[in-house]
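Before any comments, here is the structure.
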Amino acid sequence: MTSWRNRLLTVYRSAQDLYAEIIDPKNINQSVNRYINRELSWLDFNDRVLALASDKNVPLLERCRFVSICSSNLDEFYQIRVAALKDQVAGDITTKTPDGRSPLDQLREITERTQSFVQRQEDVWTKELLPQLELFDVRVQSWSQLSANEKAELSKDFDQKIFPVLTPLAVDPAHPFPYISNLALNLAVVASDPNSGEQRFARLKIPKNMSRFMRVGKSNNFVLLEELIAANLSRLFQGMTIEQCFVFRVTRNADLSLDDEDAEDLLAAVEIELRRRRFGRAVRLEVPHGTAQSVIDLMCEELELGPEDVTYHRSIIEMGCISQLASLDFSSLRFQPWPPLTAGRLAAAEFNGQSIFQVIRERQLLVHHPHESFASSVETFVEQASSDPKVHSIKMTLYRTSGDSSIAKHLVRAAESGKQVAVVLEIKARFDEARNIAWAKELEYAGVHVTYGIVGLKTHSKCILVVREDSDQMRRYVHVGTGNYNSTTARMYEDIGFFTCEEAIGADATELFNYLTGYAREPDYQRLIVAPHQLRPKLLELINREATFKDAGHITIKLNSISDPAIIDALYAASNDGVKIELIVRGICCLRAGVPGMSENITVRSILGRYLEHSRIYRFAHGFDDVSPLHLIGSADLMGRNLDGRVEVLVPLTHPKHRAWLDKVLGFLLAEDVRHFALGSDNGWTKVSGGERMGDAQQSLHEWVVATQLR
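All residue numbers for the sequence shown refer to the working numbering, where the first residue is 467 and numbers rise by one.
Below is the structure:
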């Protein structure tokens, strides 16, 4: 415990030193009103997701899905962010964030905000969505609402399918308080002996591999699995009287405590940490309103939690299960599908029997997922590279991929056919560690050279390098993307991919992979902008340069999050010089917008919808030269972890058609007549919907992509 605490203190004191360089510690009050707190901004983001569940412009079952997403988001927030704050408090860390809050301050505000959020989420579910579902004969009923025949039929299912797998665990001198798994749903049961009057507490784990919503007969009526189990507790506690029964859930710290530098075998170290993750410290207890205080006190004592760590529910605990209802077969109640198109030049090449390499040689290629197919572009690129006898080597980074990844399978086949294949696989990608470890082992077994990047850094860049012996020369083909090489998320995440065989970018990609897999100092790149060494200074240079153009300057940035104080301060300075700055931020935004004398020329909007806006686009009106704009795409957000703790890649797009495409995309997202959320000078987010006259930016973009392809 001592070494763990010392490491923790070292990490956070290093963070304190970093902030000291950015903010004068003698005058920290000056910074308090310059930034929004990172954790509270994330809660604002989840509020915006919840707002979609109340949006009547969104189909009903999709609104149910957004309620589910909110719940899953909050679970991850507690497992990682709240857990980290609790570790800081436990380690006596009092360092304040750039907005002036201590870890304890943040925890108090998070607790208050979370309870309010849960109440609003439950109101959306019970008062808005359930009544609407009933109009389509979809009902979630309580056990008491069922008929005698329905109860008998469900109880028969209980006896045959559920009862055999249940294991009640009593608490008494011979049975210690059981270990409660992270995010497992449980029944707390207080049973008494009718003869002696003696009471016992027992925990009953709800099976995870069964549907949470149990269908009643052949209808679209459902009853919760825990209600079915609770109604049949007499089968488990025979002869006992059930005094109390309620659902509860425990959230635990799920982050990995891993020191790359101390790990002799990183793969083995991550596997060990994954096993330890199951036993992380408890950070939250969820119970229903009205639960007996004596039982809550017992659980808090055993879990080492305080009263402030308890969240109370009036409806379903763990609303992520509502995704099951969102998948019901009612096509009219869901978004109408937008089948992905094959990019026009790729479709023509396929028709003419050309390879993707011929397409890229003719001209650089830009694809926009999921409007344009990931499978027919990125997966085809890797597939053709794996089978093409003229291809000598394939190198790529893998951060997150799917369990049945066709890309990984193509790499296996390429290695088995004798090609040189190297993969920089990030096994510390949060919540994907186990999957990435499995792929690492399979790739290594096939003969792929698997490495895990640079010690102390996560490899978050999205890059593929293919070396092919063309008829005229050996040529390097490169893909740089904004999203993961994951075919599952590629159908839901909006991302951009760029293919080129430009010599300078090919040379840069070669240097990048040599840096990631070998032992060398990072080079000076010709075209790519790479974190952690070049990206921050280059972005600051571009912002400061744009500021020299005063009110003729214009910066547009689309990204997931912005929290880095130095970048934010540079944007404030540019705003004060008259530069127009438009930010499209999906998630965390620690920058304050529209504040007179500080950020009055900065606007921030958030676009949420059927697709998760994931691409990062940077546009500087005078960045390419004194006349032309510079467009960059890549993997990096404007957060300290991206700029200083990860390997990230941005690539400039220079072809006029590609720059025009990005301008069109930004135009749809920044249009005044599309629904969005706007950040005000009071740090509050306002939903700008405007009724039926307001459009959907994602739909407008998709319709434009379709029209462009059909011409």
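Note that beta-carbon positions come from the ideal geometry of N, C-alpha and C, so glycine has one too. What you are looking at is a predicted structure, and each value in this text was computed from that prediction instead of being measured.
- The three-state reading of DSSP puts Lys924 in strand, counting E and B together.
- A distance below 6 Å between beta-carbons, with the five flanking residues on each side excluded, links Leu526 to the following residues of its chain, in chain order: Gln598 and Leu799.
- Between the C-alpha atoms of Tyr959 and Thr1069 there is a straight-line separation of about 24 Å.
- Within the same chain, Ala809, Leu812, Val833 and Gly963 come within 7 Å of Ser843 by CB-CB distance, once the 5 residues on both sides are set aside.
- Annotated three-state conformation of Ile695 is helix, per DSSP.
- Three or more Cβ pairs closer than 8 Å define a contact, and the segment 657–667 falls short of that threshold against the segment 676–691.
- Looking only at Asp571, Thr561 and Phe583, the smallest Cα-Cα distance to Asn539 is reached by Phe583.
- DSSP, read as helix, strand or coil, puts Arg504 in helix.
- Look at Pro773 here: in three-state DSSP terms it is helix.
- The DSSP assignment places 857–864 as complete runs of the beta strand (DSSP E) inside the segment 840–890, in order along the chain (cut-off: 3 residues).
- When the five nearest sequence neighbours on each side are left out, the beta carbons in the same chain lying within less than 6 Å of the beta carbon of Gly972 are those of Arg942 and Val944, in order along the chain.
- In this structure Arg987 is exposed. Its beta-carbon is surrounded by fewer than 16 other beta-carbon atoms within 10 angstroms.
- In the DSSP assignment, the residues bridged to Glu1079 are Glu960.
- With a 10 Å radius around the Cβ and a threshold of 16 neighbouring Cβ atoms, Ala956 comes out buried.
- Annotated as distal: Ser868 and Glu845, with beta-carbon spacing of 8 Å or more.
- Contact annotation: the segment 546–562 touches the segment 571–590, with at least three C-beta pairs closer than 8 Å.
- For Val932, the enclosing beta strand (DSSP E) stretches over residues Cys929 to Glu935.
- Closest in C-alpha terms to Ile1083, from the list Val1045, His1097, Ile1073 and Arg1071, comes His1097.
- Scanning its chain for C-beta atoms nearer than 8 Å, with the 5 sequence neighbours on each side dropped, one finds around His915 the residues Gln886, Val887, Ala888, Val889 and Thr983, in chain order.
- Secondary structure in the segment 610–666: the beta strand (DSSP E) runs of 3 residues or longer, each lying completely within the stretch, are 634–637 and 651–658 in chain order.
- Secondary structure at Lys1153: strand, using DSSP grouped into helix, strand and coil.
- Between Gly1100 and Val1113, the gap from beta carbon to beta carbon reaches 8 Å or more.
- Proximity of the segment 783–797 to the segment 763–772 falls short of the contact definition, fewer than three beta-carbon pairs being nearer than 8 Å.
- Beta-carbon to beta-carbon, Pro998 and Leu923 are separated by about 7 Å, close enough to satisfy the 8 Å threshold.
- When DSSP states are grouped into helix, strand and coil, Glu838 belongs to the strand group.
- In the three-state reduction of the DSSP assignment, Leu722 falls in the coil class, being assigned neither a helical nor a strand state.
- Where His1088 is concerned, there is no enclosing beta strand (DSSP E), because DSSP gives it neither an H nor an E.
- Remark: three or more beta-carbon pairs, one from each stretch, lie closer than 8 Å, so the segment 1043–1063 and the segment 1012–1021 are flagged as touching.
- If you compare the alpha carbons of Ala657, Ile672 and Asp625 with that of Asn648, the shortest gap goes to Ile672.
- Unbroken alpha helix (DSSP H) stretches of 4 residues or longer found wholly inside the segment 753–823: 759–769, 789–792 and 810–818, given in chain order.
- Within the DSSP bridge table, the entry for Ala1144 names Arg1071 and Thr1152 as partners.
- The beta carbons of Leu670 and Leu632 sit about 6 Å from each other, so the pair counts as a contact at 8 Å.
- Residue pairing by DSSP places Pro1118 opposite Leu1098 in a beta bridge.
- Sixteen is the threshold: since fewer than 16 other Cβ atoms of the shown chains lie within 10 Å of the Cβ of Met940, the residue is exposed.
- In this model, Thr757 and Ser781 are separated by some 13 Å (Cα to Cα).
- Annotated as proximal: Phe965 and Phe847, with beta-carbon spacing under 8 Å.
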